[in-house]
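Below: one structure, written as structure tokens.
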Amino acid sequence: MKKVILFSGHDQELTHTSSHPTQRLVVTSSRDTTFRLWDFREPIHSVSVFQGHTETVTCAVFTREDKVVSGSDDRSVKVWDLRNMRSPLATIRTDSAANRLSVSSSGVVAIPHDNRQVRLFDLGGQRIARLPRTSRQGHRRMVCSVAWGEDSTNLSCNFFSCGFDRLILGWSVQSSKDS
Numbered sequence: 013m014k015k016v017i018l019f020s021g022h023d024q025e026l027t028h029t030s031s032h033p034t035q036r037l038v039v040t041s042s043r044d045t046t047f048r049l050w051d052f053r054e055p056i057h058s059v060s061v062f063q064g065h066t067e068t069v070t071c072a073v074f075t076r077e078d079k080v081v082s083g084s085d086d087r088s089v090k091v092w093d094l095r096n097m098r099s100p101l102a103t104i105r106t107d108s109a110a111n112r113l114s115v116s117s118s119g120v121v122a123i124p125h126d127n128r129q130v131r132l133f134d135l136g137g138q139r140i141a142r143l144p145r146t147s148r149q150g151h152r153r154m155v156c157s158v159a160w161g162e163d164s165t166n167l168s169c170n171f172f173s174c175g176f177d178r179l180i181l182g183w184s185v186q187s188s189k190d191s
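Numbering (my numbering) for the sequence shown: 13 to 191.
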């Protein structure tokens, strides 16, 4: 393995990176309250800086519908259109910092929180569900990351969460967006 290219531009530590599923695009998020879109489609690479949050941007991920979803310690999650990223299409306000979120292929945004909860929203910002947080079914401490397991059709669960309680929980999530 060899390093092919190096990019820099953020003013503080990076928190997350995500690549587009079909295009030569990468998005990075940082403690500098920005996320950046790196475009490798042309010989001269470009970078776009997005300033939609007031605190650390904890993650930014692509959706299959050419949108970017960003989460932040400012207790907001924002949905952006790649064709016009001047202002977000939707803003989801939460009562806790948004950690490493994940977006399903059907557009369900799963947001893990410091308060032990995982909430599910559509890309328009409407809440779909909240996963249980009782000590019997949910996490006992902060939920730090989530992931959809869509290619796991033979498994009984299609969604996974992990937290500071040292647990990885598998869930069977059926939402109206999945129908």
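We treat Cβ as the ideally placed atom computed from N, Cα and C, and that holds for glycine.
Exercise. When we look at the beta-carbon of ASN111 and count the other beta-carbons within 10 Å, is it buried (16 or more) or exposed?
Worked result: buried
Exercise. Among PHE176, GLN24, GLN138 and SER116, which one has its Cα closest to the Cα of ASN127?
Worked result: PHE176
Exercise. Is it right to say ILE17 is buried, meaning 16 or more other beta carbons lie within 10 angstroms of its own, or is it exposed?
Worked result: exposed
Problem set entry | Chain-order list of residues whose beta-carbon lies under 6 Å from that of SER82 (same chain, five-residue window excluded) | PHE47, VAL69, ALA72 and LYS90
Exercise. Would you report the Cα separation of MET13 and SER31, rounded to the nearest angstrom?
Worked result: 19 Å
Problem set entry | Uninterrupted alpha helix (DSSP H) stretches inside the region 56 to 124 (no shorter than 4 residues) | none
Exercise. Under a Cβ-count criterion, where at least 16 other Cβ atoms within 10 Å of its own Cβ denotes burial, should SER184 be classed as buried or exposed?
Worked result: exposed
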